[in-house]
Amino acid sequence: MTSFSFSPIGILQSCYQEKFGIPRQPRLETEAVSELILLPPYNDLNSLRAIETFSHIWLIFVFHQTASATWKPLIRPPRLGGNQRIGVFASRSTFRPNPIGLSAVELLAVDQSKNRVSLLLGGCDLVNGTPILDIKPYLPYSDAIPNAYTGFAPKAPAEKFKINFTAKAKQQCQAFETKQQGVTGSTPLDLKKLIRQILSLDPRPAYQQQQISERIYAMRLYNFDLRWRYCENDEILVLVLEE
Ligand code: SAH
Numbered sequence: 050m051t052s053f054s055f056s057p058i059g060i061l062q063s064c065y066q067e068k069f070g071i072p073r074q075p076r077l078e079t080e081a082v083s084e085l086i087l088l089p090p091y092n093d094l095n096s097l098r099a100i101e102t103f104s105h106i107w108l109i110f111v112f113h114q115t116a117s118a119t120w121k122p123l124i125r126p127p128r129l130g131g132n133q134r135i136g137v138f139a140s141r142s143t144f145r146p147n148p149i150g151l152s153a154v155e156l157l158a159v160d161q162s163k164n165r166v167s168l169l170l171g172g173c174d175l176v177n178g179t180p181i182l183d184i185k186p187y188l189p190y191s192d193a194i195p196n197a198y199t200g201f202a203p204k205a206p207a208e209k210f211k212i213n214f215t216a217k218a219k220q221q222c223q224a225f226e227t228k229q230q231g232v233t234g235s236t237p238l239d240l241k242k243l244i245r246q247i248l249s250l251d252p253r254p255a256y257q258q259q260q261i262s263e264r265i266y267a268m269r270l271y272n273f274d275l276r277w278r279y280c281e282n283d284e285i286l287v288l289v290l291e292e
């Protein structure tokens with residue numbers, strides 16, 4: 050069979066430094082700003098002309114961190130508690146014959162400030178460094194299908210946790226926000242809100258989701274390790290942000 054080879058048109062920079070903890074679909078959080086930096090020769094403003102007239106775009110990308118893993122015809126989606134199996138093509142699993150991802154994200158701005166051409170994006174579910182193969186405008190008249198039925202994933206996962214911060218974590222969030230403002234100079238980041246949104250989606254693997262343990266979980270966000278644990282009554286305690 051013919052095979053095709055593609056090269057990235059850009060690299061996505063996001064706050065997610067590892068796969069664990071990233072929302073499992075786009076637009077499940079509203080706070081993080083990601084930057085898609087276009088690579089030459091695609092960093093020509095002509096290739097973006099009129100893109101700012103669209104509020105949302107599709108990203109087609111490579112699941113580069115799992116690209117060499119073998120795929121299987123059946124997978125266990127976290128949504129089904131990790132026990133039930135469905136076909137890989139009936140899922141959004143990253144383990145696919147061709148490791149290609151597809152996400153509709155918000156286009157916030159075209160940016161040329163740092164001697165490079167990039168798109169500022171909201172709601173990305175991509176790990177930092179993800180190679181992007183293509184961008185297409187999102188066309189609601191055709192892409193949005195209000196009466197579509199959606200099998201095992203009828204709506205966004207329920208937010209079942211109340212999320213509390215230790216005094217130390219709260220203060221660390223504030224300190225990070227102040228520092229971050231100097232770096233981006235754009236819309237201020239509400240880090241506590243971002244952490245709330247990420248953790249309320251419960252990043253744990255499905256088989257651990259029923260357990261209450263003393264275990265401390267961590268994910269690498271921006272330049273720190275976010276640590277938290279699960280408590281009684283569906284509460285999560287955010288412990289620290291450790292650089
Ligand atoms: N919306 C996309 C991706 C869904 S899977 C699609 O439907 O195709 C989303 C998960 O992919 C994230 O939770 C993260 O764990 C994983 N992921 C994100 N970027 C990745 C990458 N570059 N390589 C491997 N896995 C990645």
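Quick note: the sequence shown uses our numbering, first residue 50, plus one each step. Where is the CB? At the ideal position from N, CA and C, for every residue including glycine.
Discussion item. Between which residues of its own chain and Leu-211 is the CB-CB distance below 6 angstroms, once the five residues before and five after are set aside?
Written reply: The amino acid at residue 211 is misidentified as Leu; the sequence shows Lys. Excluding positions up to five away in sequence, the list reads Glu-284.
Practice prompt. Apply the 10 Å Cβ neighbour rule to Phe-221 and answer buried if 16 or more other Cβ atoms are within range, or exposed otherwise.
Written response: For the record, residue 221 in the displayed sequence is Gln; it is not Phe. It is buried - the Cβ of Gln-221 has at least 16 other Cβ atoms within 10 Å.
Discussion item. Assuming contact is defined by CB atoms lying nearer than 7 angstroms, are Val-289 and Lys-217 in contact in what I supplied?
Written reply: Yes; because the gap between Cβ atoms is below 7 angstroms, this pair is in contact.
Discussion item. Could you check if Ile-71 belongs to the surroundings of ligand 1, using beta carbon to heavy atom distance under 6 angstroms?
Written reply: Flag set: Cβ of Ile-71 near ligand 1.
Practice prompt. Please report the residue range of the alpha helix (DSSP H) in which Asp-192 lies.
Written response: For Asp-192, the uninterrupted alpha helix (DSSP H) run begins and ends at 189 to 192, by DSSP.
Fill in: Inside the segment 96 to 136 only - beta strand (DSSP E) runs reaching at least 3 residues
With a minimum length of 3 residues, the continuous beta strand (DSSP E) runs that stay inside the segment 96 to 136 are 105 to 111.
Fill in: Proximity to Gln-74 [Cα-Cα], best of Ser-140, Tyr-256 and Gln-259
When the alpha-carbon of Gln-74 is set against those of Ser-140, Tyr-256 and Gln-259, the nearest one is in Ser-140.
Worksheet item: Which residues in the same chain have their Cβ closer than 8 angstroms to the Cβ of Ser-96, if we skip the five residues on either side of it in sequence?
Response: Apart from sequence neighbours up to five positions away, the residues of its chain that approach Ser-96 with a beta-carbon distance below 8 angstroms are Leu-87, ordered along the chain.
Practice prompt. Pull up the distance between the alpha-carbon of Phe-201 and that of Arg-128, whole angstroms please.
Written response: Going by the C-alpha atoms only, they are around 7 angstroms apart.
Discussion item. Buried or exposed, going by whether 16 or more other CB atoms sit within 10 Å of the CB of Asp-174?
Written reply: Asp-174 should be labelled buried.
Worksheet item: Does the separation of the CB atoms of Ile-109 and Leu-182 fall below 7 angstroms?
Response: Yes, Cβ-Cβ distance for Ile-109 and Leu-182 is below 7 angstroms.
Discussion item. If you follow the alpha helix (DSSP H) that Ile-261 is in, where does it begin and where does it stop?
Written reply: Looking at the DSSP string, Ile-261 is not in any alpha helix (DSSP H), and its letter there is neither H nor E.
Discussion item. Using the Cβ count rule (16 or more neighbours within 10 Å means buried), how would you classify Ala-81?
Written reply: With 16 or more other Cβ atoms from the protein chains shown falling within 10 Å of its own Cβ, Ala-81 counts as buried.
Worksheet entry | From Arg-245, Thr-227 and Gly-150, residue whose alpha carbon lies closest to that of Ala-209 | The question names Ala, but residue 209 in the sequence shown is Lys. With distances taken between Cα atoms, Lys-209 lies closest to Arg-245.
Worksheet item: Do Gly-172 and Arg-269 have their C-beta atoms closer together than 7 angstroms?
Response: No. Outside cutoff.
Worksheet item: In angstroms, rounded to a whole number, what distance separates the CA positions of Phe-144 and Gln-114?
Response: Their backbone Cα atoms lie some 10 angstroms apart in a straight line.
Worksheet item: What distance in whole Å lies between the Cβ atoms of Leu-240 and Glu-226, which are believed to be in contact at a cut-off of 8 angstroms?
Response: Going by Cβ atoms, the distance from Glu-226 to Leu-240 rounds to 5 angstroms, so yes, they are a contact pair.
Practice prompt. Out of Ala-116, Gly-130, Ala-99 and Arg-98, state which residue places its alpha-carbon closest to the alpha-carbon of Gln-258.
Written response: The shortest Cα separation from Gln-258 among Ala-116, Gly-130, Ala-99 and Arg-98 belongs to Gly-130.
Item to complete: Check Lys-204 in the structure and name its three-state DSSP category.
Response: Three-state DSSP puts Lys-204 in coil, outside helix and strand.
Practice prompt. Measure the CB-CB distance between Pro-148 and Val-137 and report whether it falls below 7 angstroms.
Written response: The answer is no: Cβ separation not under 7 angstroms.
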